[in-house]
Amino acid sequence: MTASDADPPPKDAPRPNPFSTRFIQPGAVAYLFEPESSADTLVERLREQQWWGEIIGPHGSGKSTLLAELQPELQAAGRHVSAFVCREGQRRLPIAADELRSWHAATQLVVDGYEQLGWFARWRLQRNCRRRGAGLLITAHQPMGLPTLLITRPTLESTRAVVQEILAAFERQFPTDERVTIPNDLLDRLYRQHRGNVREMLFGLYDWYESERRAKA
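All the letters of the sequence shown, read from the start, carry residue numbers 18 to 234 under my numbering.
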């Protein structure tokens, strides 16, 4: 569910911070594709790669958001998506034997944070996918040996567009006469400070919004 799909808040309720986790987490805001790319074109490219591919990019560059955007398109293409998110230090996937036996040619494994897995867990996952003809789509910070699907490279301009999209969705859900306006120099500074890490920039905007709200109280 996106922010615009949620039930409207009570009229007297204070507006939340537009950069709260619920407004910026994967699935809450659309991934902004380059002009020549889209979810459809990436799914078609993945099909051409026999449903194997990797999305590579640095921390906070939109990989998880892109995965959230692709999963409905994968399902629409007839893929049976089985998705996993690897947390820091996680060395293996929690895949039961019954689930493993159910994989087939239409199964699409999606693993966010693939590099967290140990080398043996990665080798075994790839072997099991090949044995059953299943697809494998991963995200990682460095190339992991699968066919490249996309390399995420956020720019200052694309980051501005992401922020504008978040604020537009927020204003639709919480309309008031007072719109949220972010100084351009603030975005420039946060972009340099966090070296293009969009996630950390959004956390910085959360802190800025709270500071502005306290100053106006």
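Ideal placement from N, C-alpha and C gives every residue a C-beta, glycine not left out.
Asked, Found
"Give every residue of the same chain whose Cβ lies closer than 6 Å to the Cβ of L154, excluding the five residues on either side of it in the sequence, and list them in chain order.", "G70, V127"
"Give me, in chain order, the residues of the same chain whose beta-carbon lies closer than 8 Å to that of T176; leave out the 5 immediate sequence neighbours on both sides.", "L204, Y208, G213, V215, M218"
"Let me make sure I understand the geometry here. Which of A123, P171, D115, V197 has the alpha-carbon closest to that of A93?", "A123"
"CB-CB under 7 Å to P35, same chain, minus the five flanking residues each way: which ones, in chain order?", "I183, L184, F187, V197, Y226"
"Answer yes if the segment 130-145 comes into contact with the segment 157-167, meaning at least three C-beta pairs across the two stretches below 8 Å, and no otherwise.", "yes"
"Out of H97, T169, R231, which has the shortest C-alpha to C-alpha gap to A151?", "H97"
"Report the residue from R109, A85, W68 whose alpha carbon sits nearest the alpha carbon of H121.", "W68"
"Helix, strand or coil, according to DSSP, for E71 in the structure here?", "strand"
"Could you give the distance in angstroms between the alpha-carbon of S54 and the alpha-carbon of Y48?", "11 Å"
"Run the CB neighbour count on F137, radius 10 Å, all protein chains shown included, and call it buried at 16 or more, exposed below.", "exposed"
"CB-CB under 6 Å to F191, same chain, minus the five flanking residues each way: which ones, in chain order?", "R32"
"Quick one: residues in its chain with C-beta nearer than 7 Å to the C-beta of A114, no 5 flanking neighbours on either side, listed in chain order?", "none"
"Would you kindly check if the distance between the Cβ of L91 and the Cβ of Q125 is under 8 Å?", "yes"
"Between which two residues does the beta strand (DSSP E) containing Q190 stretch?", "Looking at the DSSP string, Q190 is not in any beta strand (DSSP E); the run it does join, the alpha helix (DSSP H), is 173-190."
"For a test of the three-state rule: what should DSSP assign to M18, helix, strand or coil?", "Note that M18 scores a pLDDT of 37, beneath 50, so its modelled location is shaky; the value from the coordinates is reported in the next line. Three-state result, M18: coil."
"Report yes if the C-beta distance between T172 and I72 is below 8 Å; otherwise report no.", "no"
"Check V215 in the structure and name its three-state DSSP category.", "helix"
"Hey, quick one: how far does the beta strand (DSSP E) through D194 stretch, first residue to last?", "Per DSSP, D194 belongs to no beta strand (DSSP E) and is neither H nor E."
"If we ignore side chains and look at the alpha-carbon of each, how far apart do S119 and I112 end up?", "11 Å"
"So for I112, helix, strand or coil by DSSP?", "coil"
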